[in-house]
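Heads up, the thing below is written out as structure tokens.
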Amino acid sequence: MDLLAHNPHHDGSPLYVDREHAPLGSTITVRVRTSVHQPTDAVWLRTVRDGEPFFDPCVRDRTDGDSVWWTAKVPVHNPVQRYRFMVVSGESFRWLNQAGVFDHDVPDAQDFTVSAYPGPPTWGRETVVYQIFPDRFARSAAADEHPIPDWAVPAQWGDAPIFDGPHTPLQFYGGDLDGITEHLDHLVDLGVDTVYLTPVFPGESNHRYNASTFDAVDPLLGGDEAYRRLIDAAHERDLRVLGDLTSNHTGDTHEWFTTAVADHDSTERTFYYFAPDGSHEGWKGHHTLPKLDHTAPALGERFRGVVADWLEFGIDGWRIDVANMTGRHGDVDIAHAVARDIRRTATEVDPEALVLAEHGHDATGDLAGDGWHGTMNYYGFSFPVWEWLRDPRKPTPSFGLPVDLPRRDGTAMVTAMQAFTASFGWRATTASWNILGSHDSPRIRTITGSATLHHLAAVLQFTLPGVPMVFAGDELGFEGTNGEDSRRTMPWDDEVAFRTRTLEVYRELAALRRTHRALTAGGLRWAHVAPDEVAYLREHPDETLLVQVRRTAGDFTDLGLTAGAEHLFGLGEAGPTPRAAVWRL
84 MDLLAHNPHH DGSPLYVDRE HAPLGSTITV RVRTSVHQPT DAVWLRTVRD GEPFFDPCVR
144 DRTDGDSVWW TAKVPVHNPV QRYRFMVVSG ESFRWLNQAG VFDHDVPDAQ DFTVSAYPGP
204 PTWGRETVVY QIFPDRFARS AAADEHPIPD WAVPAQWGDA PIFDGPHTPL QFYGGDLDGI
264 TEHLDHLVDL GVDTVYLTPV FPGESNHRYN ASTFDAVDPL LGGDEAYRRL IDAAHERDLR
324 VLGDLTSNHT GDTHEWFTTA VADHDSTERT FYYFAPDGSH EGWKGHHTLP KLDHTAPALG
384 ERFRGVVADW LEFGIDGWRI DVANMTGRHG DVDIAHAVAR DIRRTATEVD PEALVLAEHG
444 HDATGDLAGD GWHGTMNYYG FSFPVWEWLR DPRKPTPSFG LPVDLPRRDG TAMVTAMQAF
504 TASFGWRATT ASWNILGSHD SPRIRTITGS ATLHHLAAVL QFTLPGVPMV FAGDELGFEG
564 TNGEDSRRTM PWDDEVAFRT RTLEVYRELA ALRRTHRALT AGGLRWAHVA PDEVAYLREH
624 PDETLLVQVR RTAGDFTDLG LTAGAEHLFG LGEAGPTPRA AVWRL
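In structure tokens, the structure reads:
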């Protein structure tokens, strides 16, 4: 119990911060918790205003059980206002920042932050997201009427994906939007409330990230009319719909690019990076994906139109593909300006629109508060969980790394999570997606090698700060060794596939998250961290939940907290297996 009993604590949740953004010139009340078991003589609030540190004393407010509460007011002097606490005991002091407690000086980069910028929409942090790769989710009867395109390598529903080689992006199953609409009730039953579709624009591939236009939905998916039917049916079920937009590049058949190649004097020529010899830059060297040059003023206007038009059509927000590379090329870096522009455009159309960035590593520099609301949190969530729960019996392929995934202990997992939370900030972390797998990564079932460990990963996904994103098929225990292999078809005609404990676990966890404010808006305190077991508190003014997860067989560590607590959820408690449990204290 050392972590609970002795460590001062503060985070960006309502228990510690009265509001997460406020106008410049106003103040935000913050609270910090210390322990009666480690007497504290004083607590000072340190803010940095216009680059200079200032100190203000915190007021000792009350003692509540083992906790002593201190309060202070943070002046919102700069748009992103940084602060930390100096905790004084005798002749010594420690720093409390977002990364933890330190007995040495630390840089400002991981200080707590409040902002003058409005935060993400509330629904975007409380939701459960379900990702669909349209070619592989479902075929409607109308799909049989769509001609197979010349570029495609046809496949039968249920065939294994070609996950390596030149045919990988061309293998075509023919899933369509009406097929998705027909199965929306599965999503409702599962407990998700946001549908995220990978691109629906035309493109000569099954993934459609090589769009030929941003102005129409691919006829192979049913066209604009099918998209309208899907959006309307989703909204009737209180489901939101997110689009997927490539801001970094287009396909080489895109109407902008073909115009640029055909007419060197065209406005569209300025949209791309052309060399004097006529060659062009492409995403990571792929010349079929020509890179957009966002320094071109006309491109900004054109792109704003795309963002706005589809929001007006009815989608509820955007996932931005390759956001980390958008607006960056050599000595050009206007990524933040592009992010601000896209978000401003989106929220002008719909103040509740969500704009979320794809980012495969450290998104810190792209989460300043006035651009992307959050990110796909691979390095702050996915990798730490994969490494803790990966199958120790066999090599595990990684996503984006040249080596296999290592197996690490619970301390390493928590340390990594804390580092990225500290770097992103609380607000961006809680709006970012907790991902166990996506169309770009191996499946969590393949990484863990067992249903039991897969279920433990889902517990972490649904109970840690952040938004759970479920890739279609995770709830059925799909396998996949890489992103392309993970893009398997849903077995709608196989009733046995839907009679699985994994599906029940996802339903139970989605319901748990939906009914407990501590899981959608609560803070986080780590209660116990060991190689094979972690425990944490999710704290909200309305309630406190305790989550314990153990990756090996054995009893939970007795933290002295569960006597009289309400047991809400459990896995593996009936036998000698890895286990997880959630209690309301």
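Counting with this note's numbering, you get residues 84 to 668 for the letters of the sequence shown. For glycine and all other residues, C-beta sits at the position ideal for the given N, C-alpha and C.
*asked:* Using 8 Å as the cut-off, can you tell me whether the stretch 423-440 makes contact with the stretch 462-473, which would need three or more C-beta pairs spanning the two stretches below that distance?
replied: no
*Is R633 helix, strand or coil when you go by DSSP?*
strand
*Taking the continuous alpha helix (DSSP H) assigned at T341, which residues delimit it?*
E338 to A345
_Residues that A440 bridges to, as DSSP identifies them_ = I403 and T458
*Does the count of Cβ pairs from the stretch 474-484 and the stretch 523-537 closer than 8 Å reach three?*
yes
*Can P661 and L539 be called in contact, C-beta distance under 7 Å?*
Yes. Within cutoff.
*Roughly how many angstroms lie between the CA atoms of G520 and N289, to the nearest whole one?*
19 Å
*asked:* Relative to the C-alpha of F176, which candidate in Q121, L260 and G549 has its C-alpha closest?
replied: Ranked by how close their Cα comes to the Cα of F176, the residues Q121, L260 and G549 have Q121 in first place.
*asked:* Quick check: what's the CA-CA separation for M84 versus T513?
replied: At M84 the pLDDT is 46, less than 50, meaning the model places this residue with poor confidence; the figure from the coordinates comes in the next sentence. Note on geometry: alpha-carbon atoms of M84 and T513 lie some 26 Å from one another.
*Excluding the 5 residues preceding and the 5 following R743 in the sequence, name in chain order all residues of the same chain whose CB lies nearer than 6 Å to its CB.*
Outside the shown range of the chain (84 to 668) lies residue 743, about which nothing can therefore be said.
*Can you grab the Cα-Cα spacing for the pair I417 / A618, in whole Å?*
Each residue's Cα considered, the two are about 41 Å apart.
*Quick one: which unbroken alpha helix (DSSP H) runs of 4-plus residues sit fully inside the stretch 263-292? Chain order, please.*
267-273
*When you compare only the Cα positions, how much space is there between P285 and L303?*
8 Å
*Put Y355 into one of helix, strand or coil per three-state DSSP.*
strand
*Per the contact definition of three or more C-beta pairs closer than 8 Å, is the stretch 378-395 in contact with the stretch 418-428?*
yes
*In this structure, does DSSP put M84 in helix, strand or coil?*
With a pLDDT of 46 at M84, under the threshold of 50, the modelled position of that residue is not reliable, and no figure is offered here.
*Check whether R667 and L651 have beta carbons under 7 Å apart*: yes
*Taking the Cβ atom as the reference point for each residue, do K367 and H332 lie within a distance shorter than 7 Å?*
no
*Look at F216 and R570 and say whether their C-beta atoms are less than 7 Å apart.*
yes
*Does the count of Cβ pairs from the stretch 445-457 and the stretch 159-177 closer than 8 Å reach three?*
yes
*asked:* Quick check on W127: does DSSP put it in helix, strand or coil?
replied: strand
*Is V665 close to chain D, meaning its C-beta is less than 7 Å from at least one C-beta of that chain?*
Looking at the structure shown, chain D is missing, and only one protein chain is on hand.
*Any contact of the stretch 550-559 with the stretch 577-597, i.e. 3+ C-beta pairs under 8 Å?*
They touch, by the three-pair rule.
*Run through DSSP, which three-state label would R662 get?*
Three-state result, R662: strand.
*If we ignore side chains and look at the alpha-carbon of each, how far apart do A648 and T627 end up?*
10 Å
_Short of 8 Å in beta carbon distance, which residues of its chain neighbour F137, apart from the five on each side in sequence? Order them along the chain._
R129, T130 and V131
*Distance, Cα to Cα, A317 vs K156?*
43 Å
*First through last residue of the alpha helix (DSSP H) which encompasses Y310*: Residues G306 to E319.
*Where does R473 sit, in a helix, a strand or coil, going by DSSP?*
coil
*What's the gap between the Cα of G257 and the Cα of E567?*
For G257 and E567, the distance between alpha carbons rounds to 16 Å.
*May I ask you to list the residues that DSSP assigns as paired with F176?*
V171
*Of the choices F464, V170 and E265, whose alpha-carbon is the least far from that of R312?*
E265
_Judging by CA-CA distance, which residue of R608, T123, L642 and Q631 is the nearest neighbour of S96?_
R608
*Round the Cβ separation of S109 and V142 to the nearest angstrom and send it over; I've been treating them as touching at under 8 Å.*
About 19 Å; that fails the 8 Å criterion.
*In this structure, does DSSP put V236 in helix, strand or coil?*
Strand.
*Alpha-carbon spacing of R323 relative to V278, whole angstroms*: When rounded, the distance between both Cα atoms is 6 Å.
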